[in-house]
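This report refers to the structure that appears directly beneath it.
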Amino acid sequence: MTEMVYGTVPVRDSEPILPKWWRTIDKWSLSCILILFAIGILLGLAASPPLAERNGFDPFHYVQRQAVFGFAALGAMFITSMMAPATVRRLAILGFLVSFVALALLPFFGTDFGKGAVRWYSLGFASLQPSEFLKPTFLAVAAWMIAAAQDIGGPPGRLWSFCLVTAIVLMLAMQPDFGQACLVLFGWGVMYFVGGAPMVLLIGMAGLVVLGGMVAYNNSEHFARRIDGFLDPDIDPTTQIGYATNAIQEGGFLGVGVGEGQVKWSLPDAHTDFIIAVAAEEYGLVLVLLIICLYALVVVRSLLRLMKERDPFIRLAGTGLACMFGVQAMINMGVAVRLLPAKGMTLPFVSYGGSSLIAMGITVGMLLAFTRTRPQGEIGDLLRGRLR
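Every letter in the sequence shown is one number past the one before it in this note's numbering, and letter 273, counting from 1, is 511.
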């Protein structure tokens, strides 16, 4: 039936996996990710030695760990990007089930590492944050449900995905982890919109989010403290936001020089949540703009390639992953310049991290797999065929 509608397309049956992968992958997006990883190692060399000194480790202890986790993340990205979309979907379903159970068991077996939010499992040699792995796998599962709902006689996939995202957001809010909850809800909302949700429903859901924020503000001291600090017109110079803001101002256009920055000695999270402040202080606006352009290029190219995709699952899942990737970067940088309340969110491929870095490698690997060129014509061919 597919050949009757779209026509046959020559396929190279015996082509090896690696040449086929290299021929179909989005090389621009792949290059941007590798450059971001290299920038993360460079900034880690500047930001992490003070923390290692305070904790009694070798100066480059955290840089070495970031390199290990980073290469593991790149390995996961390359392997995932070589998979067929159907294989990615099957593995995402399994990964979602494991991550969902792990997230549900956090209140009983998790730890907060003294940060006031139970988000991690302590493994002794490292920590594991289930929500990081839940994000990409949930988006793939939700895209599968929403796409199935578009079939004639298909299941109520939109309702199922709505129930799942509600349960996930509630569990994340109970940790509390409002940043990850907003990110999951945003990714799902983008897919729901692209999948044909009516605007009235989306507006109603936005109203529920605002109402939920008001309830959280009145009942969560952690959430209220973050919001009050964000709305306060005066910045306390001894807070992380104060240090980060001052570092960005001191950096100017070209920065104060490599190794000359001071914010890394004051910020406990200089190597993670506020890594962009280190970049702005030592390398200036030039490096910050380069980082922004790299993220923007990945998102824009992915969306442009997905516009040509006929498979609704691939189109929805890829759109959700691309938007979530870009918004996470925007949130991290927005917090550093005080455009957004503090969220505790890493900068993809640049910040130090274990589970967050590996999970982001899987996320981008899925995105690269969905944006690979496939033997299909332009989507406009289908539209013209329907008009004839």
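We put the beta carbon where it would ideally sit given N, CA and C, even for glycine. Just so it is clear, the structure is predicted and the values come from calculations on it, not from any experiment.
Beta-carbon separation (whole angstroms), residue i vs residue j, contact threshold 8 Å
i	j	result
Leu274	Phe587	4 Å
Gly599	Met315	4 Å
Leu423	Val453	With a Cβ gap of about 15 Å, Leu423 and Val453 do not count as contacting.
Leu372	Leu341	6 Å
Ala560	Leu541	6 Å
Leu554	Ile384	6 Å
Ser399	Pro368	Wrong, their Cβ atoms sit about 19 Å apart, outside the cutoff.
Selected residue, minimal CA-CA separation from residue i, among the options
i	options	result
Ile530	Ala555, Met568, Glu498, Val516	Met568
Gln304	Ile384, Gly294, Ala290	Ala290
Glu370	Gln418, Met383, Asp549, Gly450	Gln418
Gly308	Thr325, Leu280, Phe334	Leu280
Ile317	Leu605, Tyr455, Ala411	Leu605
Lys258	Ala322, Asn293, Phe295, Ile277	Ala322
Gly348	Tyr359, Pro394, Val339, Ala355	Tyr359
Asp511	Arg610, Val403, Gly603, Gly572	Gly572
Gln566	Leu585, Met545, Trp382, Gly294	Leu585
Gly495	Leu469, Leu523, Tyr481, Asp470	Leu523
Glu547	Gly489, Ser594, Thr611	Thr611
Ser458	Cys420, Gly489, Phe416	Phe416
Ala482	Glu253, Val575, Gly434	Val575
Cβ neighbour criterion (16 or more within 10 Å) applied to residue i
i	result
Lys581	buried
Ile596	buried
Phe551	buried
Asp466	exposed
Pro288	buried
Ile390	exposed
Val326	buried
Leu256	exposed
Ile331	exposed
Val306	exposed
Ser269	exposed
Phe351	exposed
Ser264	The displayed chain sequence assigns Asp, not Ser, to residue 264. Buried: at least 16 other Cβ atoms inside 10 Å.
Asp470	exposed
Ile441	exposed
Residue i vs residue j beta-carbon contact at 8 Å
i	j	result
Gln413	Arg464	no
Ala380	Trp426	yes
Met429	Leu377	yes
Gln478	Leu505	yes
Val432	Ser267	no
Ser365	Gly592	yes
Pro374	Thr601	yes
Ala515	Ala534	no
Ser594	Ile513	no
Gly395	Ala405	no
Gly564	Ser319	no
Met583	Asn570	yes
Gly313	His509	no
Phe468	Pro613	no
So, do the segment 298 to 309 and the segment 519 to 534 have three or more beta carbon pairs nearer to each other than 8 Å? no
Does the pairing of the segment 513 to 524 with the segment 492 to 500 give three or more beta-carbon distances under 8 Å? yes
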